[in-house]
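With this note's numbering, letter number 256 in the sequence shown gets 282, and the count goes up by one each step, no holes.
Just so it is clear, CB atoms sit at the ideal spot from N, CA and C, and this is done for glycine as well.
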Amino acid sequence: MEKGIADSGRKTRIGEHVQIYTKDRTVRQTFLRVLGAMATALRGHDCGQQPKPAPHYPTNNNPPTSLPTSIFPKTLAIPDSKPNTPCMATPHRKTIHRFDTPGDVHFLTFSCFRRLPLLSRTRTRQYCLDALEVSREKNGFDLWAFVIMPEHVHLIVLPHAGVKVAPILSTIKQSVAKRAIFWLQQNAPQFLSRIEDLQPNGNRSYRFWQRGPGYDRNLRSARDVHEKIRYIHENPVRRHLVERPEQWPWSSCAAWESGSNEPIPLDRANVPALTNLDDSITSDYWR
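Shown next as structure tokens:
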């Protein structure tokens, strides 16, 4: 009793305006659990989740001394520290919402399996160029710009009427993967273990590209298109692979600069003109 009376004078400040008097250990524990529940509810609200409903008390002035345990977290750890918390990035691929709006230009990105530099050889880069030509002929789209990096590819394409992005990418990725894996099986089988993938059904296979459709952004203005063209052409410079964009032979930059069809032809006729150019863009090919 004396200890309870002594504890009743102990103050714990929260913020600068609220003071809470704790009487004994049981009250303090209940108070901490309530704080944990409040933090969880607020955290869920920040992540776009629906907060859990508050506990229902009887309609009298004396709430129950034993609160429902369902509103309390099992631990007082911050929810973000748990790997399954929706607030955190997880290793699982995200769902890509693709919008095949007629007339929209698409900025596409897809990566190699486990971000391995599988496109670091001239052989596999040429596979990509060949696959672009095959997909363009088979599916129908304008190729406005591209860059092939050691572990990923950027494309800017305009699908023709009625053409969806999915078959465009499928043709490209399947063609490259089939040729690359066949070459490894014939010439470097010791490397195959690095691209071995365990399927959900338990089977094992070889995978060249990362799972999922990759990144897809719809470009709906001339400025967006030209900004993304400049972005992908400067990618090798940012990676310190070359000093100037046109020096990278595995992109469309040199073709834009010179108007040539190397390394593969571009469909520049429908590229929108950009009149109000940023002062930092000085090259004529942006016009």
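Cβ shell of residue i (< 7 Å), same chain only, five flanking positions each side left out
{"i": "F167", "result": "V183, L184, P185, H186, V189 and I194"}
{"i": "E159", "result": "I290"}
{"i": "S284", "result": "none"}
{"i": "R205", "result": "Y153"}
Inter-residue Cα distance where the pair is residue i and residue j
{"i": "V297", "j": "A248", "result": "8 Å"}
{"i": "T148", "j": "L61", "result": "59 Å"}
{"i": "V19", "j": "N165", "result": "It is not possible to answer for residue 19, since the shown part of the chain is limited to 27 through 313."}
{"i": "G240", "j": "F57", "result": "47 Å"}
{"i": "H178", "j": "Q55", "result": "52 Å"}
{"i": "R294", "j": "A157", "result": "19 Å"}
{"i": "P143", "j": "L300", "result": "35 Å"}
{"i": "R256", "j": "L245", "result": "14 Å"}
{"i": "L292", "j": "P271", "result": "17 Å"}
{"i": "R243", "j": "H180", "result": "11 Å"}
{"i": "C138", "j": "S201", "result": "14 Å"}
{"i": "V282", "j": "E288", "result": "Sequence inspection shows Trp at residue 282; the Val mentioned does not correspond to that position. The straight-line gap from Cα to Cα measures roughly 10 Å."}
{"i": "A280", "j": "V268", "result": "13 Å"}
{"i": "Q216", "j": "H259", "result": "34 Å"}
{"i": "K199", "j": "F172", "result": "15 Å"}
{"i": "L224", "j": "Y232", "result": "9 Å"}
{"i": "G228", "j": "T197", "result": "26 Å"}
{"i": "G129", "j": "R59", "result": "55 Å"}
Those residues which DSSP pairs with residue i across a bridge
{"i": "I290", "result": "I290 is not bridged to any residue."}
{"i": "V251", "result": "In DSSP, V251 forms no bridge with anything."}
{"i": "H180", "result": "T135 and V173"}
{"i": "W235", "result": "C138"}
{"i": "N244", "result": "H132"}
{"i": "R230", "result": "L224"}
{"i": "F167", "result": "P185"}
Same chain, Cβ closer than 8 Å to residue i, five either side skipped, listed in chain order
{"i": "M64", "result": "none"}
{"i": "I174", "result": "L145, R151, C154, L155, W276 and S277"}
{"i": "W209", "result": "R149"}
Neighbour-count burial assignment, residue i, 16 or more Cβ in a 10 Å radius
{"i": "N87", "result": "Residue placement at N87 is poorly supported in this model, since its pLDDT is 48, which falls under 50; the coordinates are not used for a value here."}
{"i": "P226", "result": "exposed"}
{"i": "R264", "result": "exposed"}
{"i": "R237", "result": "exposed"}
{"i": "K254", "result": "buried"}
{"i": "L169", "result": "buried"}
{"i": "P234", "result": "First, the amino acid is wrong: residue 234 is Phe here, not Pro. Buried: at least 16 other Cβ atoms inside 10 Å."}
{"i": "A214", "result": "exposed"}
{"i": "R230", "result": "exposed"}
{"i": "S286", "result": "exposed"}
Contacts around residue i, its chain only, beta-carbon distance under 6 Å, and the 5 residues preceding and following it disregarded
{"i": "A103", "result": "Low confidence applies to A103: its pLDDT is 31, below 50, so where it sits in the model is not reliable, and the reading given next is rough at best. Here the set comprises nothing."}
{"i": "S96", "result": "Bear in mind that the predicted position of S96 carries a pLDDT of just 34, short of 50, making it unreliable; the figure below should be weighed with that in mind. So no residue of the chain qualifies."}
{"i": "R141", "result": "E177"}
Q: Check whether the region 127-137 touches the region 212-227, taking contact to mean three or more Cβ pairs, one atom from each stretch, closer than 8 Å.
A: no
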